[in-house]
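Quick note: the sequence shown, position 177, residue 177 per full-length UniProt numbering, numbers continuous.
Idealized CB from N, CA, C, for every residue including glycine.
Note that the coordinates shown come from a computational prediction; the quantities given were computed from them, not determined experimentally.
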Amino acid sequence: MNRQNGDAPLIATNDDAFQSKVSAMQAGYFEDFALSRMAEKYSGLRTGFGGFRRPPIINRGTYARMLLKETLVEAFLRHSREAGKVAQIISLGAGFDTHPFELSDNAKMLPQFHYVELDFPQVVKDKITLMDSTFSGKDSVFTACTCQKEQSSASGIIHRKEHPTAENTADTSKDQSPQLREEASLYSMKGVDLRDIEELSSVVDGLDVHPEAPTLILAEIVLVYMQPQDSDKLISFFSNRFTGSRAFMTIEHTLQESEFGRQMVQNIASRGSPLLGLNCYPSIRSQEARFKKLGWHHVRAQSLLEAFEKRIQNRLALNKIEMLDELEEWRLIMTHYCVVCATSGAGGVRLLNALDLTRYQDVPFRSYKNQDKNRE
1 MNRQNGDAPL IATNDDAFQS KVSAMQAGYF EDFALSRMAE KYSGLRTGFG GFRRPPIINR
61 GTYARMLLKE TLVEAFLRHS REAGKVAQII SLGAGFDTHP FELSDNAKML PQFHYVELDF
121 PQVVKDKITL MDSTFSGKDS VFTACTCQKE QSSASGIIHR KEHPTAENTA DTSKDQSPQL
181 REEASLYSMK GVDLRDIEEL SSVVDGLDVH PEAPTLILAE IVLVYMQPQD SDKLISFFSN
241 RFTGSRAFMT IEHTLQESEF GRQMVQNIAS RGSPLLGLNC YPSIRSQEAR FKKLGWHHVR
301 AQSLLEAFEK RIQNRLALNK IEMLDELEEW RLIMTHYCVV CATSGAGGVR LLNALDLTRY
361 QDVPFRSYKN QDKNRE
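Pasting the structure below:
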């Protein structure tokens, strides 16, 4: 099978993820300026689009994954502030994610960063098209932004939309990008096949990321769609590529040899995007062993249910947003995913401790936004 043609169902999972996030937002789980604006334009760019609405159990699961991922990103950024360097976040299979714009919108409360998104070239082209149709003039989330749709790349400065400054509009040439101005952060996205390590290495070389800078790798339900030998090479690549304090966070499916798990695998495979890595790494323990084997010195893994219950103690309050009756099914679904955090480099144990979700127990989602509003 031609790899490009065979990837079409996998590329389509981005649309499903985007629609689920919009549904959770519209249900009231969170606010997101960029996501809301992009959703308005999205339906006009997708023929046969049937709407965003998802069942409550899907909305809450989407919220849970967003909450856990964003909590760990915020924890990493705050921890990296101590290093006195611009933190780097590299998001694999990022799709139409709007999290970097939300982070930059509250730069006074968080350190500066360089946020890099890598995905299939077609996904990056589609995101550029969507962003071009959504943001213009004073509504732009970028300044000094260069978008090259045909080359599947974009780069520029993202800034606080309420507080644009003259400094934000300065040139972002390669020799200046590491020295960011106040309230500004860098954003880059690039199309690349993550299974091709040689191509990936070349792309990373051209993105002005620094091996010694604090770096967080994100992969939310990405590795499991790859052949194990390809995803192993990817994990090992990022372990060896950077020399400073670094972390890898991933959310993955687990199998658990249950009837529910087998049905889940069959349902996903029927859409043309099978979970290729699941048989090789079916459990939480196998994920821990995998990362240690591939060069990550300190690893913590737990089910999505355990992680979510550590993060949110007052879970009944979520019923005020949307009533969830299928509690047994909810727990079953959440135990068939896991969250893995792995660290290496100087201070790896300290970094892993900083990523402990119990430190953020019942802290409001996107707490930096609430703190920022209180200061104004």
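The beta strand (DSSP E) runs lying completely inside the region 244-283 and spanning 3 residues or more are 246-253, given in chain order. Separation of P56 and P214 (C-alpha to C-alpha, rounded to the nearest whole angstrom) is 37 Å. Taking a 10 Å sphere around the C-beta of F49, we find fewer than 16 other C-beta atoms and assign the residue as exposed. The residues G93, A94, G95, G191, in chain order, have a CB closer than 7 Å to that of D119 in the same chain once the five nearest residues on each side in sequence are set aside.
The C-beta separation of I11 from Q122 comes to about 6 Å, placing the pair in contact by the 8 Å criterion. Ranked by Cα distance from V349, the first of L255, Y115, A247 is A247. Judged by beta-carbon spacing, T129 lies beyond the 8 Å limit of M38, meaning their Cβ atoms are not closer than that value. The shortest C-alpha to C-alpha distance from F18 to any of G6, R46, D7 is the one to R46. Taking C-beta separations shorter than 7 Å and ignoring five residues to either side along the sequence, the partners of R54 in its chain run S20, S23, following chain order. Between the region 28-36 and the region 75-92, the count of Cβ pairs shorter than 8 Å is below three; the stretches do not touch. Rounded to whole angstroms, the separation of the alpha carbons of E82 and M264 is 43 Å. Going by DSSP, L216 is part of the beta strand (DSSP E) stretching over 215-220. In terms of CA proximity to F365, Q313 leads the group L352, L327, Q313, S231. Assignment of K85 by DSSP, reduced to helix, strand and coil, places it in the coil class. In its chain, beyond the 5 residues on either side, L68, V339, L357 have a beta carbon closer than 7 Å to the beta carbon of A307. Partner residues in a beta bridge of F135, as assigned by DSSP, do not exist. With fewer than 16 neighbouring CB atoms inside 10 Å of its own CB, S201 falls in the exposed class. Taken in chain order, the complete alpha helix (DSSP H) segments of 4 or more residues contained in the region 297-365 are 304-311, 327-334, 348-354. Taking one beta carbon from each stretch, the region 252-262 and the region 194-213 have fewer than 3 pairs nearer than 8 Å; the two do not touch. With respect to the 8 Å criterion, H114 and V209 are classified as neighbours on the basis of their beta carbons.
As computed with DSSP, M189 is found in a beta bridge with E117, A154.
With contacts defined as CB atoms closer than 8 Å, L223 and T250 qualify as a contacting pair. Residue environment: K125 is assigned as buried (16 or more neighbouring CB atoms within 10 Å of its CB, all protein chains considered). Shown here for D230: same chain residues with a beta carbon closer than 6 Å to its own, the five before and five after excluded, namely R195 in chain order. Rounded to the nearest angstrom, the Cβ distance from L276 to Y225 is 6 Å, consistent with a contact under 8 Å. Approximately 17 Å separates the beta-carbon atoms of S239 and S91; this is outside 8 Å, ruling out the contact. Per DSSP, the unbroken alpha helix (DSSP H) holding H99 starts and ends at 99-104.
DSSP links S286 through a beta bridge to no other residue. Shortest Cα-Cα distance from L218 to any of K41, G28, C341 involves C341. Annotation for V204: the continuous alpha helix (DSSP H) segment containing it runs 197-205.
Annotation for G95: no alpha helix (DSSP H) segment contains it, and DSSP assigns it neither H nor E.
Judged by DSSP in its simplified three-state form, Q122 adopts helix.
Under DSSP, I90 forms a beta bridge with V116, I217.
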